[in-house]
Each structure stands twice: as structure tokens, then as C-alpha cells.
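> This structure is in C-alpha cells; I'll ask about it shortly.
Residue numbers (UniProt numbering): 1 to 234.
Right, dumping it as C-alpha cells:
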């Protein structure tokens with residue numbers, strides 16, 4: 001009779017080394033490895049997202065770009081026009097203009113930039129505008145208030161001219177200053193001045209009961225603005 005077939009030797013060897021308890025351990029190890037990989041993957045994704053949303057914003061390159069933009073904006077300041085000849089301001093209508101101060105450097109820098117922007121806007125609308133008076137001393141303020149020609153009711157210290165926060169402007173046509181709003185073209189220019197000044201956040205004298213169409217000033221009370229200047233808020 002032929003001998004019965006012999007069983008393969010390797011199942012017995014495997015059974016000798018891998019017991020049921022060992023099989024359970026290998027299953028646990030496998031699941032532990034999977035869990036470890038998942039945790040590592042979550043940590044990696046979290047760090048990548050954090051680097052995108054936070055570290056990217058804090059990078060030196062980003063700050064450098066912002067710094068260049070800020071410097072560019074600060075450098076783009078409007079420059080006041082050159083002074084006009086004094087003879088241009090000799091007027092029988094307002095003789096006091098001959099001695100008026102038209103030095104832009106005596107005005108509040110922030111206010112100056114706003115006024116220059118308004119003047120630039122008016123230029124594009126076909127209305128050249130010039131400064132006829134800026135800073136005004138308290139003594140000159142009192143002199144104008146007491147003068148025969150009514151220019152202002154404010155006394156010294158009561159006007160924003162004393163703080164460099166008010167200017168008087170007028171349209172210029174054919175090389176001559178047109179003060180009177182009775183001139184149709186000048187009336188349009190003063191109305192345009194009011195529109196642009198108010199759009200820029202300034203106060204326009206054309207709204208007052210005592211009309212002063214060429215006057216624009218910083219919005220706010222004299223006391224508050226003076227206190228801000230004294231505190232270094234200019």
C-alpha cells in the first residue's frame with residue numbers, strides 16, 4: 001500500500017512560534033501603528049495650516065512690504081505752491097490783505113495737507129484757488145474785528161486762524177484774485193470750494209449766518225483743537 005501523504009512541515013513550525021496570544025498581540029500592534037500614523041498626520045496638517053495662517057503673516061518679508069507701502073504713503077505729501085507777488089493782494093475791497101500772512105509753514109501740517117487736497121480738486125474742476133490768509137496773530141484778529149470793513153466777529157484767541165487751523169481762500173482768474181461772490185464765475189468757484197471742503201471733512205464759512213465763502217477751517221471747537229495741539233496731537 002502506498003504511504004499516506006505527509007503533511008507540510010511549515011504549519012507546525014508556525015504554530016509553534018505563533019500562539020493565539022501572539023496573534024492578539026500582533027493585531028494590537030497593527031492598530032497601534034495605524035493610530036500613531038493618524039495622530040502624526042493630524043499634527044503635520046495642523047502645523048502646516050498654522051504656518052500658513054500665522055507664520056506667513058509674521059514673516060519679515062511681509063513686514064518689509066508693509067513698511068515700504070507706509071513709507072511711500074508718507075512720502076507722498078502735497079507741496080504748497082510758491083508765494084504769489086504781494087501786488088496781487090492789493091485790493092480796495094479788502095485792503096487788509098496786503099499785510100496778511102500767507103506762510104503755509106505756520107499752519108497745522110495735517111490741516112495743510114487737507115486744504116492742499118481741496119485746492120487740487122478744485123483745480124481739476126476749472127477753479128484755480130489761492131491762499132489769501134492763513135495764520136493770524138491775536139493782535140491782527142482784534143484789529144480786523146474792530147475795523148471799519150466787517151471781516152470777522154471773532155476776537156483774538158477765538159479764531160482758528162490763531163492756531164493754524166483756518167485759511168481764507170479765493171479764486172484766481174486771468175492772473176487776478178476775484179474776491180466778490182457777486183461775480184458769477186467766482187460764485188460758482190466758492191460753491192465748489194464749499195462742496196470740496198465739506199467732502200474733505202472741513203467746515204465751510206459759507207454755511208454760517210455771517211457768510212464767509214472763502215473761509216475753511218478744521219472741524220471742532222477752538223478749545224478742543226487747541227488742547228489737542230498743546231498735547232502734541234497735531
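Glycine residues also receive a C-beta, built at the ideal position from the N, C-alpha and C atoms.
Output yes or no for whether 8 Å exceeds the beta carbon distance between residue 116 and residue 83.
Taking the chain shown and counting its residues from 1, one reaches residue 116 at position 116. Taking the chain shown and counting its residues from 1, one reaches residue 83 at position 83. Result no, Cβ atoms of residue 116 and residue 83 do not sit closer than 8 Å.
> Three Cβ pairs or more, each shorter than 8 Å: is that satisfied between the stretch 133-144 and the stretch 197-207?
no
> Note down, in chain order, each residue of its chain lying with its Cβ closer than 8 Å to the Cβ of residue 144, except the 5 sequence neighbours on either side.
Counted from its first residue, the chain shown places residue 144 at position 144. Cβ within range, chain order: 96, 136, 151 and 152.
> Helix, strand or coil for residue 181 per DSSP?
Here residue 181 refers to the residue found at position 181 of the chain shown. Correct three-state label for residue 181: coil.
> Could you tell me the boundaries of the alpha helix (DSSP H) in which residue 118 lies?
Position 118 of the chain shown holds residue 118. It spans 109-124 - the alpha helix (DSSP H) in which residue 118 sits, taken as one unbroken run.
> Excluding the 5 residues preceding and the 5 following residue 168 in the sequence, name in chain order all residues of the same chain whose CB lies nearer than 7 Å to its CB.
The residue given as residue 168 occupies position 168 in the chain shown. The residues are 132, 133, 214 and 215.
> Using 8 Å as the threshold, is the stretch 171-188 in touch with the stretch 104-114, meaning 3 or more CB pairs across them?
no
> Quick check on the burial criterion: 16 or more other C-beta atoms within 10 angstroms. Buried or exposed for residue 176?
Counted from its first residue, the chain shown places residue 176 at position 176. Burial call: exposed.
> So for residue 176, helix, strand or coil by DSSP?
Start at 1 with the first residue of the chain shown, and residue 176 comes out as number 176. In this structure, residue 176 counts as strand in the three-state DSSP scheme.
> Taking 6 Å as the limit between beta carbons, can you name the residues of its chain near residue 114, skipping five residues before and five after?
Locating residue 114 in the chain shown gives position 114, where the first residue counts as 1. Cβ neighbours of residue 114 beyond the five flanking positions: 200.
> Would you list the one or two residues that DSSP bridges to residue 212?
As a position in the chain shown, residue 212 is number 212, starting the count at 1. None, per the DSSP bridge assignment.
> What is the DSSP secondary structure of residue 101, reduced to helix, strand or coil?
Residue 101 sits at position 101 when you count from the first residue of the chain shown. Three-state DSSP puts residue 101 in coil, outside helix and strand.
> Give the range of the alpha helix (DSSP H) segment to which residue 144 is assigned.
Here residue 144 refers to the residue found at position 144 of the chain shown. Unbroken alpha helix (DSSP H) run through residue 144: 138-146.
> Can you name the start and end residues of the beta strand (DSSP E) that residue 93 belongs to?
Start at 1 with the first residue of the chain shown, and residue 93 comes out as number 93. Segment: none, residue 93 is in no beta strand (DSSP E) and carries neither H nor E.
> For residue 167, write down the residues that DSSP places opposite it in a beta bridge.
Looking up residue 167 in the chain shown gives position 167. Answer is 216, bridged to residue 167.
> In the structure shown, what three-state DSSP assignment does residue 36 receive?
Numbered from its first residue, the chain shown carries residue 36 at position 36. In the structure shown, residue 36 sits in a helix (DSSP, three-state: H, G or I).
> Report buried or exposed for residue 140, applying the criterion of at least 16 other Cβ atoms within 10 angstroms of its Cβ.
Residue 140 sits at position 140 when you count from the first residue of the chain shown. Buried is the call here.
> Roughly how many angstroms separate the alpha carbons of residue 56 and residue 229, rounded to a whole number?
Here residue 56 refers to the residue found at position 56 of the chain shown. Here residue 229 refers to the residue found at position 229 of the chain shown. Reliability of the predicted coordinates at residue 56 is poor, the pLDDT of 40 falling under 50, and the value obtained from them is presented with this limitation in mind. In a straight line, the C-alpha of residue 56 is about 40 Å away from that of residue 229.
> Between the C-alpha atoms of residue 212 and residue 89, what's the straight-line distance to the nearest angstrom?
Mapped onto the chain shown, residue 212 falls at position 212. Mapped onto the chain shown, residue 89 falls at position 89. Cα to Cα, the separation comes out at about 18 Å.
> At the level of alpha carbons, what is the spacing between residue 222 and residue 124?
Here residue 222 refers to the residue found at position 222 when the chain shown is read from its first residue. Here residue 124 refers to the residue found at position 124 when the chain shown is read from its first residue. The alpha-carbon atoms of residue 222 and residue 124 are separated by roughly 32 Å.
> From the DSSP output, in three-state form, read off residue 151 for me.
One-based indexing of the chain shown puts residue 151 at position 151. Correct three-state label for residue 151: coil.
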